[in-house]
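Quick notes on the structure that follows.
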Amino acid sequence: DGALARRPELRLLQEGIRAARAGAALAGVQDLPSLSGRALVAARTPSAFERSTYYSAGLVVTWSPFDFGRTRRDVEAARARAAQLEAQLEDAKLGIRLEVEKAWNDMREARARLDAAERQTAAADASAGVARLRYEAGAATQVEVSGALLALSRARAARAQARFDLHAAAADYAHATGTDAGEASPR
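All residue numbers in the sequence shown are consecutive under our numbering, ending with 189.
Here you go:
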(Lines of atoms letter the chains of each structure in order from A; the text may use other names.)
(Lines give C-alpha, C1' and ligand atoms only; values in the text may rest on other atoms or scores of the structure.)
Protein backbone atom coordinates (compact mmCIF):
# COMPACT_ATOMS: atom_id res chain seq x y z
CA ASP A 3 0.00 0.00 0.00
CA GLY A 4 3.05 2.26 0.12
CA ALA A 5 2.87 2.40 -3.67
CA LEU A 6 -0.68 3.73 -3.43
CA ALA A 7 0.46 6.56 -1.16
CA ARG A 8 3.30 7.56 -3.49
CA ARG A 9 1.55 7.52 -6.86
CA PRO A 10 0.71 11.06 -8.04
CA GLU A 11 -2.24 9.99 -10.19
CA LEU A 12 -4.02 8.71 -7.08
CA ARG A 13 -3.41 11.96 -5.22
CA LEU A 14 -4.85 13.81 -8.21
CA LEU A 15 -8.01 11.68 -8.15
CA GLN A 16 -8.34 12.10 -4.36
CA GLU A 17 -8.12 15.88 -4.71
CA GLY A 18 -10.71 15.74 -7.50
CA ILE A 19 -13.06 13.80 -5.21
CA ARG A 20 -12.61 16.38 -2.44
CA ALA A 21 -13.33 19.17 -4.90
CA ALA A 22 -16.43 17.42 -6.26
CA ARG A 23 -17.77 16.85 -2.74
CA ALA A 24 -17.14 20.50 -1.89
CA GLY A 25 -18.93 21.46 -5.10
CA ALA A 26 -21.92 19.33 -4.07
CA ALA A 27 -22.02 21.01 -0.66
CA LEU A 28 -21.78 24.43 -2.27
CA ALA A 29 -24.50 23.60 -4.77
CA GLY A 30 -26.71 22.45 -1.89
CA VAL A 31 -26.73 25.89 -0.29
CA GLN A 32 -27.66 27.73 -3.49
CA ASP A 33 -31.36 27.63 -2.65
CA LEU A 34 -30.89 29.01 0.87
CA PRO A 35 -31.55 32.69 1.45
CA SER A 36 -28.49 34.90 1.60
CA LEU A 37 -28.18 38.01 3.71
CA SER A 38 -25.78 40.84 3.09
CA GLY A 39 -25.49 44.20 4.76
CA ARG A 40 -23.75 47.47 4.30
CA ALA A 41 -23.15 50.58 6.33
CA LEU A 42 -21.94 54.01 5.30
CA VAL A 43 -20.76 56.99 7.29
CA ALA A 44 -19.84 60.12 5.37
CA ALA A 45 -18.71 63.54 6.47
CA ARG A 46 -19.66 66.55 4.38
CA THR A 47 -19.29 70.24 4.51
CA PRO A 48 -22.17 71.43 6.67
CA SER A 49 -24.89 73.58 5.16
CA ALA A 50 -28.04 75.25 6.42
CA PHE A 51 -30.26 72.41 5.26
CA GLU A 52 -28.14 69.29 5.88
CA ARG A 53 -26.05 67.92 8.66
CA SER A 54 -22.33 67.48 8.30
CA THR A 55 -22.39 63.74 9.00
CA TYR A 56 -24.43 61.29 6.97
CA TYR A 57 -25.28 57.76 8.13
CA SER A 58 -26.73 54.99 6.02
CA ALA A 59 -27.32 51.28 6.61
CA GLY A 60 -28.99 48.58 4.60
CA LEU A 61 -29.72 44.87 4.52
CA VAL A 62 -30.29 42.84 1.40
CA VAL A 63 -31.95 39.42 1.48
CA THR A 64 -31.68 37.31 -1.66
CA TRP A 65 -33.65 34.12 -2.21
CA SER A 66 -34.66 32.21 -5.31
CA PRO A 67 -37.37 29.76 -4.23
CA PHE A 68 -38.43 29.18 -7.83
CA ASP A 69 -35.24 27.97 -9.51
CA PHE A 70 -37.19 25.19 -11.26
CA GLY A 71 -34.97 22.40 -9.87
CA ARG A 72 -31.64 23.92 -10.90
CA THR A 73 -30.15 23.57 -7.42
CA ARG A 74 -31.21 19.93 -7.15
CA ARG A 75 -29.73 19.17 -10.59
CA ASP A 76 -26.48 20.93 -9.65
CA VAL A 77 -26.23 18.90 -6.45
CA GLU A 78 -26.96 15.65 -8.30
CA ALA A 79 -24.39 16.47 -10.99
CA ALA A 80 -21.72 17.25 -8.39
CA ARG A 81 -22.49 14.03 -6.49
CA ALA A 82 -22.40 12.03 -9.74
CA ARG A 83 -19.00 13.56 -10.56
CA ALA A 84 -17.71 12.60 -7.11
CA ALA A 85 -19.03 9.04 -7.54
CA GLN A 86 -17.41 8.82 -10.97
CA LEU A 87 -14.07 9.96 -9.55
CA GLU A 88 -14.39 7.48 -6.66
CA ALA A 89 -14.92 4.66 -9.17
CA GLN A 90 -11.89 5.85 -11.15
CA LEU A 91 -9.86 5.95 -7.93
CA GLU A 92 -10.77 2.35 -7.05
CA ASP A 93 -9.99 1.26 -10.61
CA ALA A 94 -6.63 3.05 -10.47
CA LYS A 95 -5.80 1.43 -7.12
CA LEU A 96 -6.55 -2.01 -8.53
CA GLY A 97 -4.47 -1.25 -11.61
CA ILE A 98 -1.53 -0.09 -9.51
CA ARG A 99 -1.70 -3.19 -7.30
CA LEU A 100 -1.62 -5.38 -10.41
CA GLU A 101 1.20 -3.30 -11.90
CA VAL A 102 3.27 -3.66 -8.71
CA GLU A 103 2.65 -7.42 -8.56
CA LYS A 104 3.57 -7.88 -12.24
CA ALA A 105 6.70 -5.73 -11.88
CA TRP A 106 7.77 -7.72 -8.80
CA ASN A 107 7.28 -11.02 -10.62
CA ASP A 108 9.12 -9.70 -13.69
CA MET A 109 12.02 -8.64 -11.47
CA ARG A 110 12.16 -12.08 -9.80
CA GLU A 111 12.09 -13.81 -13.20
CA ALA A 112 14.83 -11.51 -14.51
CA ARG A 113 16.92 -12.33 -11.41
CA ALA A 114 16.45 -16.06 -12.08
CA ARG A 115 17.43 -15.60 -15.75
CA LEU A 116 20.58 -13.73 -14.68
CA ASP A 117 21.48 -16.50 -12.23
CA ALA A 118 21.02 -19.08 -15.01
CA ALA A 119 23.10 -16.95 -17.40
CA GLU A 120 25.86 -16.69 -14.77
CA ARG A 121 25.92 -20.49 -14.43
CA GLN A 122 25.88 -20.90 -18.22
CA THR A 123 28.79 -18.45 -18.57
CA ALA A 124 30.80 -20.30 -15.92
CA ALA A 125 30.14 -23.62 -17.67
CA ALA A 126 31.10 -22.16 -21.08
CA ASP A 127 34.27 -20.66 -19.58
CA ALA A 128 35.23 -24.03 -18.11
CA SER A 129 34.44 -25.75 -21.41
CA ALA A 130 36.63 -23.26 -23.31
CA GLY A 131 39.46 -23.87 -20.83
CA VAL A 132 39.18 -27.64 -21.31
CA ALA A 133 39.12 -27.22 -25.10
CA ARG A 134 42.32 -25.12 -24.96
CA LEU A 135 44.07 -27.68 -22.78
CA ARG A 136 42.99 -30.52 -25.06
CA TYR A 137 44.20 -28.54 -28.10
CA GLU A 138 47.58 -27.93 -26.43
CA ALA A 139 47.80 -31.65 -25.66
CA GLY A 140 46.94 -32.42 -29.29
CA ALA A 141 43.66 -34.11 -28.38
CA ALA A 142 41.37 -31.44 -29.93
CA THR A 143 41.23 -29.42 -33.12
CA GLN A 144 41.19 -25.67 -33.57
CA VAL A 145 37.55 -25.99 -34.67
CA GLU A 146 36.63 -27.43 -31.25
CA VAL A 147 38.45 -24.57 -29.49
CA SER A 148 36.73 -22.00 -31.73
CA GLY A 149 33.35 -23.61 -31.03
CA ALA A 150 33.97 -23.46 -27.27
CA LEU A 151 35.06 -19.80 -27.51
CA LEU A 152 31.96 -18.98 -29.58
CA ALA A 153 29.77 -20.65 -26.94
CA LEU A 154 31.55 -18.58 -24.26
CA SER A 155 30.95 -15.35 -26.22
CA ARG A 156 27.27 -16.22 -26.60
CA ALA A 157 26.97 -17.03 -22.89
CA ARG A 158 28.57 -13.69 -21.99
CA ALA A 159 26.21 -11.85 -24.36
CA ALA A 160 23.24 -13.66 -22.79
CA ARG A 161 24.52 -12.71 -19.33
CA ALA A 162 24.82 -9.05 -20.38
CA GLN A 163 21.26 -9.13 -21.74
CA ALA A 164 20.04 -10.76 -18.53
CA ARG A 165 21.69 -7.99 -16.47
CA PHE A 166 20.04 -5.36 -18.65
CA ASP A 167 16.68 -7.10 -18.30
CA LEU A 168 17.08 -7.22 -14.52
CA HIS A 169 17.84 -3.51 -14.29
CA ALA A 170 14.96 -2.68 -16.61
CA ALA A 171 12.64 -4.81 -14.45
CA ALA A 172 13.93 -3.03 -11.33
CA ALA A 173 13.22 0.34 -12.96
CA ASP A 174 9.69 -0.83 -13.83
CA TYR A 175 9.20 -1.95 -10.24
CA ALA A 176 10.45 1.40 -8.94
CA HIS A 177 7.98 3.19 -11.21
CA ALA A 178 5.13 0.91 -10.14
CA THR A 179 5.85 1.48 -6.45
CA GLY A 180 6.51 5.19 -6.86
CA THR A 181 10.05 4.92 -5.49
CA ASP A 182 13.43 5.97 -6.81
CA ALA A 183 15.10 3.48 -9.13
CA GLY A 184 17.94 3.04 -6.62
CA GLU A 185 15.49 1.89 -3.94
CA ALA A 186 14.21 -1.03 -6.03
CA SER A 187 17.01 -3.52 -5.56
CA PRO A 188 17.32 -6.04 -8.37
CA ARG A 189 18.93 -8.54 -6.00
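C-beta atoms are modelled at their ideal positions from N, C-alpha and C, and glycine is treated no differently.
Values in this document were obtained by computation on a predicted structure and should not be read as measured data.
Check the Cα spacing between Val43 and each of Arg53, Asp127 and Ala173: the tightest is with Arg53.
Between Arg134 and Val147, the C-beta gap is smaller than 8 Å, which places the two residues in contact.
Under the DSSP assignment, Arg46 falls outside any beta strand (DSSP E); it carries neither an H nor an E label. The shortest C-alpha to C-alpha distance from Gln90 to any of Asp167, Leu15, Leu168 and His169 is the one to Leu15. Taking the CA atoms as reference points, Glu88 sits about 27 Å from Trp106. Just so you know, the alpha carbons of Glu120 and Ala112 end up roughly 12 Å apart.
The straight-line gap separating the alpha-carbon atoms of Val102 and Arg9 is approximately 11 Å. For Ser38, the CB contacts under 7 Å within the same chain, skipping 5 residues up- and downstream, are Val62 in chain order. Between Ala130 and Leu154 the beta-carbon gap is near 5 Å, inside 8 Å, which marks them as a contact.
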